[in-house]
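**Q** Sharing a structure here in structure tokens format.
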Amino acid sequence: MEVIQFNGKTYGKENAQLYVFEELWDTFRPITRLYWNGNKFVLDDSAYKTNLFDPVYGFGSQEMKSHCKFLTETTDLECSNISSPQNFWAWCGTQTEWFHDRPCALGGCEPKDWKRYIRNTSSRPRTLRHAPSSRITRRLVGKGLKL
2 MEVIQFNGKT
12 YGKENAQLYV
22 FEELWDTFRP
32 ITRLYWNGNK
42 FVLDDSAYKT
52 NLFDPVYGFG
62 SQEMKSHCKF
72 LTETTDLECS
82 NISSPQNFWA
92 WCGTQTEWFH
102 DRPCALGGCE
112 PKDWKRYIRN
122 TSSRPRTLRH
132 APSSRITRRL
142 VGKGLKL
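To convert a position in the sequence shown, counted from 1, into the working numbering, add 1.
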């Protein structure tokens, strides 16, 4: 199983199935995808969490629970860290859509707040809105051109 760390959590991928390592449960568990909901990155695991009182809650079936236990015993948790969400979604194979100037996996009903996304990912917008100041010469400034 391939293992990677993103946003403080450890994720695994085996046969196009994504897993997240839950430290409280001390095991891997399956997830459908990871997406941006407008405030933070959210795990989509609703298919595996249908009944709170089910003994296989979070796994979906007994076979998946035993497979996750096997993966936990055989997988080394030492892995590399990915800091860019775009690289993580490419590693996962998640379908992304174009969000202003970069690909992003968005939740279906969430507001698409660009400034909050930029702030939470600690990145800068890629824009050509402001011209570089080094192209203005003293000759043009003397003729009344405002900077």
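The beta carbon of each residue, even a glycine, is placed where N, CA and C say it ideally should be.
Since I believe Leu19 is in contact with Arg34 (beta carbons under 8 angstroms), could you give me their beta-carbon distance rounded to a whole number of angstroms?
**A** Right, the Cβ-Cβ distance comes to about 7 angstroms (below 8 angstroms), so this counts as a contact.
**Q** If you draw a straight line from the C-alpha of Glu64 to the C-alpha of Phe71, how long is it?
**A** One C-alpha to the other measures close to 11 angstroms.
**Q** If we ignore side chains and look at the alpha-carbon of each, how far apart do Phe54 and Ser62 end up?
**A** Near 13 angstroms, if we compare the C-alpha coordinates of Ser62 and Phe54.
**Q** In chain order, what residues of the same chain have a beta carbon less than 7 angstroms from the beta carbon of Phe28, not counting five sequence neighbours either side?
**A** One point to set straight first is that residue 28 is Thr, not Phe, in the sequence displayed. Here the set comprises Cys69, Lys70 and Thr73.
**Q** What residue range does the beta strand (DSSP E) around Lys14 cover?
**A** Where Lys14 is concerned, the enclosing beta strand (DSSP E) stretches over Lys10 to Glu15.
**Q** Does the separation of the CB atoms of Pro86 and Thr122 fall below 9 angstroms?
**A** In contact: Pro86 and Thr122 (Cβ atoms closer than 9 angstroms).
**Q** Out of curiosity, what's the CA-to-CA distance linking Tyr49 and Tyr58?
**A** Cα to Cα, the separation comes out at about 7 angstroms.
**Q** Please state whether the Cβ-Cβ distance between Trp90 and Ala106 is less than 9 angstroms.
**A** Result yes, Cβ atoms of Trp90 and Ala106 sit closer than 9 angstroms.
**Q** Strictly by DSSP, which residues pair up with Phe42?
**A** Answer is Trp37.
**Q** Looking at the unbroken alpha helix (DSSP H) that takes in Gln63, where does it start and where does it end?
**A** Taken as a continuous stretch (DSSP letters only), the alpha helix (DSSP H) holding Gln63 covers Gln63 to Thr75.
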